[in-house]
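Asker: Let me begin by handing over the structure; questions about it come next.
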Amino acid sequence: MVQATSPSAEPPRGSRPRAVLGADDEARTDALGERALALARFYQGKIETVPKVPVRSLADFSVWYTPGIAQVSRAIEKDPDLSFELTGRWNTIAIITDGSRVLGLGDVGPAAAMPVMEGKALLFRYLGGVNAIPVPIAIDTDEEFIDTVIRLSPAFGGINLEDVASPKCFRILGELQRRLPIPVWHDDQLGTAAATIGGLLNALTLTDRDIRTTRTVLLGAGAANIATARLLLSLGQDPHQLTLVDQKGILFAERDDVDSLSLRNTWKYHLALSTNGGGRRGGLAEALKDADVLLAASRPDPTMISPAAIRSMAAKPIVFALANPVPEIWPDQARAAGAAIVATGRSDFPNQVNNSLVFPGVFRGVLDARARSIPDDIVIAAARELAAHADDQGLTPDHILPTMEEVGIFPHIAAATAETAVRLGIARAKRTREEFYARALEIMQHSVRLATRLREEGLTLPMPDEPSGGNGTP
Amino acid sequence: MSHSPHAPKEPKGHEAGPSASAGLPVHLRTAVLDDVPALVPLVLRLKSLNEEFDPLLKVRKDAEKMAAEILTRDIKDPEAIVLATEGVGADKDRIVGVVRARIRERPFYTPEREGVILDIYLLPLYRRHGVGEYLLEEITKLVKEKGAGVLTAEFPLQNHIAASFYNKRGFRPTTGLYSRPL
Chain A
1 MVQATSPSAE
11 PPRGSRPRAV
21 LGADDEARTD
31 ALGERALALA
41 RFYQGKIETV
51 PKVPVRSLAD
61 FSVWYTPGIA
71 QVSRAIEKDP
81 DLSFELTGRW
91 NTIAIITDGS
101 RVLGLGDVGP
111 AAAMPVMEGK
121 ALLFRYLGGV
131 NAIPVPIAID
141 TDEEFIDTVI
151 RLSPAFGGIN
161 LEDVASPKCF
171 RILGELQRRL
181 PIPVWHDDQL
191 GTAAATIGGL
201 LNALTLTDRD
211 IRTTRTVLLG
221 AGAANIATAR
231 LLLSLGQDPH
241 QLTLVDQKGI
251 LFAERDDVDS
261 LSLRNTWKYH
271 LALSTNGGGR
281 RGGLAEALKD
291 ADVLLAASRP
301 DPTMISPAAI
311 RSMAAKPIVF
321 ALANPVPEIW
331 PDQARAAGAA
341 IVATGRSDFP
351 NQVNNSLVFP
361 GVFRGVLDAR
371 ARSIPDDIVI
381 AAARELAAHA
391 DDQGLTPDHI
401 LPTMEEVGIF
411 PHIAAATAET
421 AVRLGIARAK
431 RTREEFYARA
441 LEIMQHSVRL
451 ATRLREEGLT
461 LPMPDEPSGG
471 NGTP
Chain B
1001 MSHSPHAPKE
1011 PKGHEAGPSA
1021 SAGLPVHLRT
1031 AVLDDVPALV
1041 PLVLRLKSLN
1051 EEFDPLLKVR
1061 KDAEKMAAEI
1071 LTRDIKDPEA
1081 IVLATEGVGA
1091 DKDRIVGVVR
1101 ARIRERPFYT
1111 PEREGVILDI
1121 YLLPLYRRHG
1131 VGEYLLEEIT
1141 KLVKEKGAGV
1151 LTAEFPLQNH
1161 IAASFYNKRG
1171 FRPTTGLYSR
1181 PL
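Top line first, the protein sequences correspond to chains A and B. Heads up: the first sequence is residues 1 to 474, going by my numbering. Heads up: the second sequence is residues 1001 to 1182, going by my numbering.
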């Protein structure tokens, strides 16, 4: 996620003892939390709807509303696809959550999920130019969840599922993707997986590896890593050379809980059957021996991965420790144990694997192409675009992914996404890559211009704790 | 390996012909007493799965001993059928599945005898490929030979995977078991 840390607050990497770094980090997180709460009180919401048509006098409402508007309704009644042309549906998505797994907080429920969804809507608006409406829903069953989203779908050009617990997120996403004619995305699965794969592709290049012969270990088998595993396999990863490890240890076909998985988590079940060739047993230590790559998305605990386990990996190992806010091993420890490339989920270390690099561009792209769905090919296209962009800026072990400052990436991801949708035959709007890029850039720039002007005009109130207000007027 | 005591009723024991199991990753045969230690963990896996569906299906502490006793009893009982599923190739001689069925009288209804599938379990890697179908065909033949006019299967009502397996193969729900703890 985008973090509003001031540069001076960032500790120099690897220069302090662990305990100090942890305490600093905790203090900084607390301070940010206090500030967020104060600002939430002040602003009472982070987004609002504003007119995009002129209202010169009340007489204009006779075309924006009744009686004139009836003709627009009749046109859409005849051809429902016109809702994408005659209304804002083309650029509007719902951010839907049941609040069952919000950040690291867990099952806080839909109302408490709202501030997070508003924040996400702000990122969608500011970075992707997408009108994103936060829609936390009160549901009891998966069926209710699916049914509710289907019933809401006529208002939206796309659906972003957010903070929905694993394993129910897999079935809900799968069912909605199957049943809705618009793109459905679950950021905790697909956004994170795309960013992970993007970084991994460059890490493989830097260490002269081919994904088809790479031995890969995934630590954690939640939303992100199950999606990552699927993408790895479609990129040519040999399932026999892939091992998943969760809190019960190495996942394998005859593990005690596999029958339970067959009922509750089909995706993990199928991975249990197809992966871990050679029949390794045990935990992370056994899995990591001679492995090339470790992708960890498990628990925020810096002792999850031991330096000894990294030392047992193949030469020049790749280690992604993606738990937030604390990685499964601190980067300097991983490096000291021989890791050639280390990535985390944090902005204060090099190589941040960040879904915010992905979702604004992907949604801009699928909305502009008016795609009917978001298949894995699109997720992979976004990952490849991320990788290519970092490569263009110069690949080093500390630069395998673009940073959030490289805002130029977003319209490129949009163009790559939209072009892939056209190639796959799922785009209703067919343009060239250049046209998609120009359109995405224009919409994204408009969005930033709008926010800037509102701030400059004082219509967006300056932050009360910053006297200058940052409103651009001296 | 000796055949089960009910083998005399079926002079050659039960060996599925190569044509029936051709291409399948398993080989099916009548279980013998020597198989019990290998069959017990499979039955326990099935019972542990049932735990998922209802607290009233919580597996007992002595379930392992009970499984061994029941398998031993049914291997000897002419009114029961226990089949061992073996792997093929590298897994030859390894028991990867179990089927246990019993013949029951139906005092009030016709047909008067039914074959009840009580346990059917295959290790995950041996599922699909039509193995379940094959097990069902074989058990059908065997219970018919014992005079059953209807084949039934007992499993937790919430096991939708089992329900769908049987639904697809011409079974329909007839009687159910509703429970409440006391």
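Just so you know, even glycine gets a beta-carbon here, dropped at the ideal spot from N, CA and C.
#1: Please name the residue or residues paired with residue 134 (chain A) in a DSSP beta bridge.
#2: Along the alpha helix (DSSP H) that carries residue 1051 (chain B), what are the first and last residues, could you check?
#3: Pick from B:1046, B:1096, B:1039: whose alpha carbon is nearest that of residue 1159 (chain B)?
#4: Assign residue 143 (chain A) to one of two classes, buried (16 or more other C-beta atoms within 10 Å of its C-beta) or exposed (fewer than that).
#5: Any chance you could list the alpha helix (DSSP H) runs of at least 4 consecutive residues sitting entirely within the segment 314-344 of chain A, in chain order?
#6: Apart from the five residues on each side of it in sequence, which residues of its chain come closer than 6 Å, Cβ to Cβ, to residue 297 (chain A)?
#7: Output yes or no for whether 8 Å exceeds the beta carbon distance between residue 1037 (chain B) and residue 273 (chain A).
#8: Count the C-beta pairs between the segment 232-242 of chain A and the segment 204-220 of chain A that are closer than 8 Å, then say yes if the count reaches three, no if not.
#9: Do you know offhand how far residue 1024 (chain B)'s Cα is from residue 1128 (chain B)'s?
#10: Return no unless some Cβ of chain B is closer than 8 Å to the Cβ of residue 262 (chain A).
#11: Find the residues of chain B that neighbour residue 254 (chain A), judging by a C-beta separation of less than 8 Å, and give them in chain order.
#12: By Cβ distance below 6 Å, which residues in the same chain neighbour residue 166 (chain A) in space, the five residues on each side in sequence not counted?
#13: For residue 1172 (chain B), which residues in the same chain have their Cβ closer than 7 Å to its Cβ, ignoring the five residues on either side in sequence?
#14: Once DSSP output is grouped into helix, strand and coil, what is the label at residue 1085 (chain B)?
#15: Could you tell me the boundaries of the alpha helix (DSSP H) in which residue 108 (chain A) lies?
#16: Please name the residue or residues paired with residue 249 (chain A) in a DSSP beta bridge.
#17: Give the straight-line distance between the Cα atoms of residue 172 (chain A) and residue 265 (chain A), rounded to the nearest whole angstrom.
#18: Would you list the one or two residues that DSSP bridges to residue 160 (chain A)?
#19: Would you mind working out which of A:121, A:129, A:262 sits nearest residue 135 (chain A), comparing C-alpha positions?
#20: Which residues in the same chain as residue 251 (chain A) place their Cβ atom closer than 6 Å to its Cβ, once the five residues preceding and following it in sequence are excluded?
#21: Starting from residue 1129 (chain B) and walking both ways along the alpha helix (DSSP H), at which residues does that stretch end?
#22: By a C-beta neighbour count over all protein chains shown, 10 Å radius and 16 as the cutoff for buried, is residue 64 (chain A) buried or exposed?
#23: Measuring CA to CA, which of B:1166, B:1180, B:1181 is closest to residue 1174 (chain B)?
#24: Pull up the distance between the alpha-carbon of residue 169 (chain A) and that of residue 294 (chain A), whole angstroms please.
#25: Taking C-beta pairs closer than 8 Å, name the residues in chain A that residue 1045 (chain B) reaches, listed in chain order.
#26: Counting C-beta neighbours from all protein chains within 10 Å, is the total for residue 1138 (chain B) 16 or more, i.e. buried, or is it exposed?
#27: Using a C-beta cutoff of 8 Å, does residue 1145 (chain B) count as contacting chain A?
#28: Quick check on the DSSP output: what are the complete beta strand (DSSP E) runs of length 3 or more inside the segment 271-297 of chain A, in order along the chain?
#29: Residue 384 (chain A): which of A:41, A:403, A:358, A:447 sits nearest, CA to CA?
#30: If we define contact as Cβ-Cβ less than 8 Å, is residue 273 (chain A) a contact residue for chain B?
#31: Within the chosen definition, does the segment 1130-1146 of chain B reach the segment 1100-1117 of chain B through at least 3 CB pairs nearer than 8 Å?
#32: Name the two residues that bound the continuous alpha helix (DSSP H) containing residue 310 (chain A).
#33: Going by C-alpha distance, which of A:466, A:96, A:360 is nearest residue 418 (chain A)?
#34: For chain A, check one thing: does any of its Cβ atoms lie closer than 8 Å to the Cβ of residue 1120 (chain B)?
#35: According to DSSP, which residues form a beta bridge with residue 1119 (chain B)?
#36: Kindly list the residues whose CB is nearer than 8 Å to the CB of residue 68 (chain A), restricted to its own chain and excluding five residues on each side of it in sequence; keep chain order.
Answerer: To lay it out plainly:
#1: A:95
#2: 1036-1051
#3: Checked all of B:1046, B:1096, B:1039; the closest Cα to residue 1159 (chain B) is B:1046.
#4: exposed
#5: 331-336
#6: 220, 224, 225, 322
#7: no
#8: In short, these stretches touch, since the Cβ pair count reaches three.
#9: Approximately 10 Å, taken between the alpha carbons.
#10: yes
#11: Under the 8 Å cutoff, chain B gives 1123, 1124, 1125.
#12: Cβ within range, chain order: 222, 223.
#13: Excluding sequence positions up to five before and after residue 1172 (chain B), its CB lies less than 7 Å from no other CB in the same chain.
#14: The answer is strand: DSSP assigns residue 1085 (chain B) an E or B state.
#15: First-last for residue 108 (chain A): undefined, no H or E at that position.
#16: A:246
#17: 12 Å
#18: A:95, A:185
#19: A:121
#20: Non-local C-beta neighbours of residue 251 (chain A) in its own chain, meaning closer than 6 Å and more than five positions away in sequence, comprise 244, 272, ordered along the chain.
#21: Per DSSP, residue 1129 (chain B) belongs to no alpha helix (DSSP H) and is neither H nor E.
#22: exposed
#23: B:1166
#24: 24 Å
#25: 256, 259
#26: Counting Cβ neighbours within 10 Å, residue 1138 (chain B) comes out buried, since at least 16 surround it.
#27: For residue 1145 (chain B), the answer is no, since every Cβ of chain A falls outside 8 Å of its Cβ.
#28: 293-296
#29: A:358
#30: yes
#31: yes
#32: Segment 307-311, the alpha helix (DSSP H) holding residue 310 (chain A).
#33: A:360
#34: Answer no: the Cβ-Cβ gap between residue 1120 (chain B) and chain A never drops below 8 Å.
#35: B:1100
#36: 62
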